[in-house]
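Residue numbers (our numbering), protein chains in the order written: chain A, 1 to 313; chain B, 1001 to 1477; chain C, 2001 to 2333; chain D, 3001 to 3279; chain E, 4001 to 4330.
Working notes, structure below.
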Ligand SMILES: Nc1ncnc2c1ncn2[C@@H]1O[C@H](COP(=O)(O)OP(=O)(O)OP(=O)(O)O)[C@@H](O)[C@H]1O
Ligand SMILES: Nc1ncnc2c1ncn2[C@@H]1O[C@H](COP(=O)(O)OP(=O)(O)OP(=O)(O)O)[C@@H](O)[C@H]1O
Ligand SMILES: [Mg+2]
Ligand SMILES: [Mg+2]
C-alpha cells in the first residue's frame, strides 16, 4: 500500500512542524506587551489579586512549564480561557471553524472552475485577443484589494441588482451557499489570477513537450490531446501553486469575513486582536497554521493522485 | 413573524451582575424582567413583575407585591424567594453592581407573592436601581441547580427566550408564551444580527435582509428618510459623548490642560458636521435628563484660550497624546479625526488607536490609556446612576476611569442619596454637574440622539431613553 | 620506460547516500547508498592521454570529479606525485588539475563576458599581475584556443557550442595545470566541430606537455585521442590497456560487446549483431559478483560470487574477469 | 563605442513592452505622488465640515470626503505613505531572505536543514494571520508593521533563492568555479548570486503588489497605519460608509491600489524577460 | 537496389518550411525533394540545426512550435497530397499510416498515463477497438518489441521503464496500427551504444516483417551505414546530396559529404590529426548566398556564391547539388 505508507510518512513529517507551530504561537503571546492578569482584572485588581490570577493562569511558572501547560491545554481541546468571552477558547473556535472551511472550499472550487477553461483558452490561443484579454483581466483582479472588490460587488449585486445578500451567513446549506457566493467570488478571483497564470504557462510548456507530440503523432484529435495528455500534466504545477496559495486564501478570510460579516475564524481573529484576547489569538494562530498544514497535506495527496511518479518517494 | 434587528456589537455575557456593556444589557432586558420598569418616556417608574409596591414614610421599608401571573419562560411562577435570591446575588461579592443594592440590609418573605426589604437609612435611588437590568429576577432553584451553566441557556421572566446564540453572529429569540403581559410580545420571535459595520447594517436594511436597525450613521439619516420603504427614528436618549482623560497620568493631572482640551475642540462643528444636527453640545458628563442644570454653558471653541492654558501649564512646546477610538462606529471614527484635526491646531498631536468597542471599557478600566473616546448612557431615569458612574471617586468606576476626584461631589452624592426626591435633591445634582463641568475630567462633546430605522412593515420599533429597544410592542405586517 | 606516475588513484570508492524519509529513519531502516565508484585504481603519467569509456551512469564523471576535487572519495586515496591529494590546498590543487565539462551551454557563467571570466581566474590566482598584463594574457589564451580576442567582450550566448568549448579550455588552461580532466568535452558537438576540438586538445597537450584524462562514451573518439584506455562498468574499471592493445585484443566480455556495438561507418561492413542484451543494472543494488554477470553472454556460476580480481595479461593489460584467469579463455569470434 | 553587452541590453529593452509600460506607469505614479500635492495645494488633513462630500469637480478633482478633506490630496499623500511602507517591507526582507537563501542553499548540510525546517514552520502560518497577530500584539504602528512584514516575507525570498541556488549548484559553471579554486564567497557573490537573483527580483515586484494589498488590508481593518495619516485602505474603509452618496471617497484610493498593482505586475513580467539570460 | 523511382510511397517535392515571422523568420527547410519506396530505410543525415527534424515533422504537421506559413511544396503520400489535407483529415493519417518516434524516449511518453493506455489509445482511435481488445493487442505489441513480462508492464507508468525499454514501448506504440511509414527522428541518440544496437536491430527486424518504410533521421554516419538503403545529406536547410548508402560512402559527390566522412575519427586506427571542417555551420536566419557550404568549402570558387540550388544526377540514383561535381573526381 504505497499510498498508505506515503500518508503515514507525511503525517510523521508533520510532527516537528506542529511542534514548531505551537512553539511560535506560544512565544508570540509571551512577547506581547501587557500582562493578561492585569487585563482581566482591570484596575480593580490589587497586586495580590493579580499574583493570584497569574498563578491560576500559570504565568508565574518558568517558560518551559508554561509551554507544557499550553500543550496540555491544546491536548484537552480547551486552548485556555478566553478573556473576552470568559469561556474555553477551544469550543468557540470549533464553532467558528466551519464557516471558514466552507468559505475556503467554496472559493477554491470557484477558482478551479474559473481557471481551467480560461487558462486552456489562453494557452491554446496564445497571443490572441482572448489571451491578452484574460491576462489583463486577471492582472487587474490580482491588483484589486479584496475588501474594495467586495464593496464594489456588494454595491452591484446586492444593492443595485439585489441578487446576493449584503453580508452574513445563513442557517441551511443552501442559504449558506447563497451568502458565500460574493465572498467566495472575491477570493476566487484573486486565486484564479494566480492559477490561471500558472496553468497557462504550464499548458504552454506541456504543449511543446515531447509526449504531446507523441500523442499527436498517434492521430488523436486536438481536443483529446488537450484533455487527456496536456491538462493532467499541466495541473501538477498548478496544484502546488494552489497549495501554496491556500495559505493566502486562509489568511485572506480574515479580511473577507470581516467585510462580509461571516462568523468564521478570520473575523474572530480581528475582533480578538482588538479586544486583546490573547489566549484566543494564540488558539486561533495555532488553528490557522494547522489548517494550512492540513491543506498542504491534501495538496500533496492530490499531487500523488495526479502524478504517479511521486508515489514511492 | 420574526423580527430581524441589526445591531453593532454582540453581548458578552448573559449574567446580569457581570455585565456593564450595552449589548449584554440590551439582550438581558429582552429575556429577564425586573420588579419595576422605567416608563417609555423616561419620566417615571411603572410596575413590572411587581404589580404594586409601597415605600414607608421614612424611606426605610419597601414592600412589593408580585403579579399572580408572573412566570418564568419555563412555566414556573415567579416567587418572593426568587426575588430575594436574585437581589441578594446582585448585591453580592461577585456582582459588579453590588453598591446599587447593598443599601438593602434585610429581606422578609411575607408570602409567595409579597416581599419586604429593609434599609438602615433612606436611599432615594433604590426604586430606580430595582429597575436596572442587574436587578433582573432569576429562577432561584434552577440557578442553584445549574450554577454558571444557567447562563448558557438562561431562563427569565422577560418577553423573549434566548433560543440560540452564535457568538459574534447572532442571537435568536422566541416569544416567551408565559410572559405576564397579555398578548405580548406581538411577534413570534426576534433575531439580533451582529453586524459590526454601520454601513453593512444600512445596506442590509435597504436590501430587506433586516427589518430594523439601530445606529444609523448620521450622514445617512437624510438619504434613508427619503427612502419610501423605511421609517427613520431619532430618539432623544440619556446619553453623553465624552473623551475620558486619564487624570492619573500626566499631563491630565493638570486641570488647565483638561480645560484647554475642552476649549480646543469645536463641538458645534461636530454636531453640525457629523451629527447633522441630531444632538446638542454637552455641558458635562451628565445627559439631559431629570434635574439637568440649564444654566451651564458649554466650553466655547477658543483655540487661543486653549493655547494660553497649555502654555500656562508649561506645555507650550506641544503635546503628544494617544486617543483610543472604538472600532466599528463611523461616527466615532469621524469625531476622532475631527478632534485630532482640532487639537492639532492647538498644538496637540494626537495618535488614534482603534480598539474593539467591547474591550474599550476593560481597557480604560485597567488604566492603560491617555484619552478615550467614549460615551455614557443611563440605564435608569434617575441621574444618580451616572453621577456615581462619571463623577464620584472612589466609586464603581472612579469617575468613569478618569480617576478624577472632587470631595464636594462625593459629599453631595452621599447627601443626594439620602434626600427624598424633590427640588432640593435637584439642586444637589445641578451643583455636581457644574463641578464636573469645571473640573473637566472629560472633553464634553455632545448629547446625541439615537438613530434607528425600520422597514415600513414594522410598527412600534423604537429606542427608549435608556438606549435599549423594547420589542414587545413591535408588530410586523 | 618507468616514468613516475603524475597521478595515482588507489582503490577509490565514492558513495552517494540516498535520502531517507523521516519515517524510514524512525523505523530504523538501513541507509541506502549508491555506489558510484567501487574500488577504482588507475594511474596517469605525465604527457599522457588516458581515455575512460563506459555507458551512461557507470561513474565516469564521478571519477573525474573526484580528481578535480568536486567530490571527496570515501575510500582509497589519490596521490599527486606520491603526495595525497587531500593534503594539498584547494587553490594549489586547482593549479595542478583543471577540468573541462561536457555541456558547453551550462559550463560558462551566462552573466560574465569572456574577458571577465578569464580575467577573474588570473586575478584570483596571480594577484601580482597588473590589469594590463592580465589583458594581454587573456588575449593570448584566446588566441591559443583559436578564438579572436576581438570577441572577448561578449556574453557566452553569443558563441556557438564549439566556441564555448574552446573558451572552457582556455579558462582551464589559464592556470597552466599539469592535468586536464575533460569530461565528455565533445559529446555535445557536431562531428565537424568535434574534430576541431579534438585536434585542439591534441595540439595543446603536445605544446604544453599536459596530461589529459579524456572521458567519453564514443569509443572512436577515445581510440583516436588516448594513449591508454580504461573501460568502466557499474562503478568499476573492468579493463585497462594501451589503446591499440585494448581495441585490437579486448579481453573483457563487456569491452567486446561495447566494441561490437559501435556502428561502423562503412556500408559494406554491416554487423548489427546484438552483442549484449538488456541494460545497466540498478546501481543501488549491483550484482554481488562480477557487475557484468547479469548481461554477460559467457556468464558462469562462478561469476556470481566474489568480485573478480584484476588479471594482468601482460603489457599493462588488466582485465577484471574470471575467464581471463582461466586457461580456456578465448576471444569469441 | 558602446560595448556589445550594453548594445544587446538596449535592444532587449527596446523590445520589452511590459518593462517600458511598467516603467512609464511607475514614473507617472512617482510624479503624481510628489507633484500633485504641490500643485493642488489642498491640505490632506484639514477638516472642513462646510465642504463635506463635494463630488469630483473643478475645485476638488476627486471630490472631498465626509470631513471635507480633499480626496486627491489624500490619495497622493497616502501614496507616499503606502509606497514608503511597501518599499521597506519588501526591500528589507528581500535582502535578508535572499542572503539567507543563498548561504543556506550553497552551504547545505545541517544549517540548511534546520533553516528550512524553520521556514516550513513559519510557512504554515497564513501571511495575514501572522502579520495581524504581530501587529495586533505589538500595537498598530508603522514600525511594527515593518517588523511584522519583514518577519513574514523573508521566507518567500529565502525559499525562492535557495531553490535556485540548488539548481545553480548543479550547473557546470559553478562547478567550474570550484575547480578553479575560487573562494566560496567569491563563487556565491559572482557566480551564483547573479544567476539566482532574477526570480527573487521578479517576485519582489509581485510582492510589492501583495504587500500593498496587505498594508491596505490592515489599514482597512484598522490595524495598520492610523488616521489621520492618509492611507488607501483607511480611506476606503472610511468611504464605504457613504458609498451610496459619496462613491468617490473610496473609489479613487481603490483605483490607486489597482494602478500600483498593474504597474508592478508589468514591471515583474518585464524584468523577468529582461533579466533572464539568453541561450 | 533502386526502388525509389518506380512507385514511391512518399514523394516530397520542393518542400519549404519557415519558422517565426518578420525579422526572426528562419527558413529551416529549403527546396527539399526526396522520395521513399515501400519497405525502404531512408536516412536523413546532417549536423545539428540543418533542418532534419523540421523536414520530417512537417510531413505530418508536427512542427513543435509556431510556423510562419504552411509548408510550401508538395508531400505526396500514397497518392494523396498531405499539404492539401485539412487538419482533421491529417489526424486520420497520423498514427494509422504514418507513425513517428522521437529522439528522447525519456520524455516522449506521457508520465501520468499507463503504458497500456497509451498504446491502446492509438488503437481505439484508428481501429475502433474495444478497450479489452486494445489491451490484448497492446500486450501482443509489447511482446513483439521485446518487452519482457508484458502482462505486468501494461499497467506500469513510464517512469518504471529504462530508456531502452521506453524506446521499445514507443516503437510498439508507433507500429500499433501497422503504419506504412515510420518516421524515426534520431531514435537512438539518447541511448547507450549497446542499447542503440538493440533498438536499430529491432527496427530493421520489424521492417523486414511488415514491409515498413522508415525515414531515419540521424547525425551518426555509422548508424546510416549500418541501416539505411538510401541517404539524403542535409546542410543548412538544404539537401545537398542523395544516393544509395554505398554511393554516398564510396563516392561522395559533394564536398560537404566528403568533409563529414573525413572528420570522423576513424575506427581504422589512430591518425595524427583529424580533418575537421573549418568554421561553424551558418545561421539559418541569414544564410550565405548561393551554395550555403561555400564559406567552409575548400573547393569553393566565385561561381559558388551565386549557384542556384539544384540537385543534379551524378549517376543513376545519385544526385548532388555541387556545381563543381565534375571536378571532384568521383
Ligand atoms: N551528486 C550525486 N548524487 C547522487 N547520485 C549521483 C551524484 N552524481 C552521480 N550520481 C550517481 O552516480 C552514478 C554515476 O554517475 P556519473 O555521473 O559518474 O556517471 P557517468 O558515467 O558520468 O554517466 P554519463 O555518461 O551519463 O555522464 C549514477 O548512477 C548517478 O546517478
Ligand atoms: N519551432 C521553431 N521555431 C523557430 N525555429 C525553429 C523551430 N524549430 C526549428 N527551428 C529552427 O530550424 C532549424 C532546423 O531545426 P531542426 O530541429 O530541424 O534541426 P535538426 O537538423 O533536427 O537538428 P538536431 O540534430 O539538433 O535535431 C534550426 O535552426 C532551428 O533553430
Ligand atoms: Mg558523465
Ligand atoms: Mg532534430
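Even glycine gets a Cβ: it sits at the ideal position worked out from N, Cα and C.
With the rule of 3 Cβ pairs closer than 8 angstroms, the stretch 4146 to 4157 of chain E does not count as touching the stretch 4090 to 4104 of chain E. 3216, 3217, 3220, 3221, 3222 and 3223: these are the residues of the stretch 3216 to 3231 of chain D whose beta carbon lies less than 8 angstroms from some beta carbon of chain A, given in chain order. In the three-state reduction of the DSSP assignment, residue 1420 of chain B falls in the coil class.
Between residue 4164 of chain E and residue 2074 of chain C, the C-beta spacing is not below 9 angstroms. Per DSSP, residue 4314 of chain E is one residue of the beta strand (DSSP E) stretching across 4312 to 4315. Contact check for residue 3203 of chain D against residue 3016 of chain D fails: the beta carbons are separated by 9 angstroms or more. Cβ contact annotation for residue 3187 of chain D (same chain, cutoff 7 angstroms, sequence separation greater than five): 3174, 3177 and 3178, in chain order.
Residue 3256 of chain D: member of the alpha helix (DSSP H) spanning 3247 to 3275, first to last residue.
Rounded to the nearest whole angstrom, the C-alpha separation of residue 2072 of chain C and residue 2120 of chain C is 26 angstroms. Taking the C-beta atoms as reference points, residue 1334 of chain B is found no nearer than 9 angstroms to residue 1367 of chain B. Cβ atoms of residue 1194 of chain B and residue 1205 of chain B stay farther apart than 8 angstroms, at about 15 angstroms. Contact annotation for residue 263 of chain A against chain B: 1166, 1168 and 1169 [CB-CB distance below 7 angstroms, chain order]. Only exposed fits residue 2018 of chain C, as fewer than 16 other CB atoms lie within 10 angstroms of its CB.
The alpha carbon of residue 2191 of chain C has as its nearest neighbour, out of C/2241, C/2265, C/2214 and C/2159, the alpha carbon of C/2265. A Cβ-Cβ contact shorter than 9 angstroms links residue 283 of chain A with residue 79 of chain A. In this structure, C/2242 is the residue among C/2236, C/2234 and C/2242 with its C-alpha nearest to the C-alpha of residue 2224 of chain C.
A distance filter of 7 angstroms between CB atoms and the heavy atoms of ligand 4 selects the following residues in sequence order: E/4052, E/4053, E/4103, E/4185, E/4186 and E/4217. Following the DSSP letters along the chain, one finds residue 3144 of chain D in no beta strand (DSSP E) but inside the alpha helix (DSSP H) bounded by residues 3142 to 3170. Residues of the stretch 1173 to 1207 of chain B with a Cβ closer than 8 angstroms to any Cβ of chain A, in chain order: 1193, 1194, 1195, 1196, 1197, 1200, 1203, 1204, 1206 and 1207. For residue 3202 of chain D, the uninterrupted alpha helix (DSSP H) run begins and ends at 3193 to 3221, by DSSP. Using beta-carbon distances, residue 1163 of chain B does not count as an interface residue toward chain A, since no partner is under 9 angstroms. The beta carbon of residue 4274 of chain E sits closer than 7 angstroms to the beta carbons of 4263 and 4265 from its chain, once the five residues preceding and following it are set aside; these are given in chain order. For residue 2165 of chain C, no beta strand (DSSP E) run applies; the uninterrupted alpha helix (DSSP H) run containing it begins and ends at 2161 to 2173, by DSSP.
If you check the C-beta of residue 3273 of chain D against ligand 3, you find no heavy atom less than 8 angstroms away. Counting along the chain, residue 4031 of chain E sits inside no alpha helix (DSSP H); it lies in the beta strand (DSSP E) bounded by residues 4026 to 4036.
In summary, residue 4030 of chain E is buried, with 16 or more beta-carbon neighbours lying within 10 Å of its beta-carbon over all protein chains present.
Separation of the CB atoms of residue 1243 of chain B and residue 1442 of chain B is rounded to 6 angstroms, and the pair is thereby assigned contact status at 8 angstroms.
Interface criterion not met: the Cβ of residue 2087 of chain C is under 9 angstroms from no Cβ in chain D.
Legend: CB atoms of the stretch 214 to 232 of chain A lying less than 9 angstroms from CB atoms of chain E belong to residues 214, 215, 216, 217, 218, 219, 220, 221, 222, 224, 228, 229 and 232.
Interface annotation, residue 3117 of chain D: not in contact with chain C, CB-CB separation never under 9 angstroms. Those residues whose C-beta sits under 5 angstroms from the nearest heavy atom of ligand 1 are, from N- to C-terminal order along the chain, C/2016, C/2036, C/2056, C/2057, C/2058, C/2059, C/2060, C/2061, C/2062 and C/2283.
Within the stretch 2128 to 2142 of chain C, contact with chain D at the beta-carbon level (separation under 7 angstroms) is assigned to no residue.
Below the 7 angstroms Cβ cutoff, chain D contributes 3124 and 3125 as neighbours of residue 289 of chain A, in chain order.
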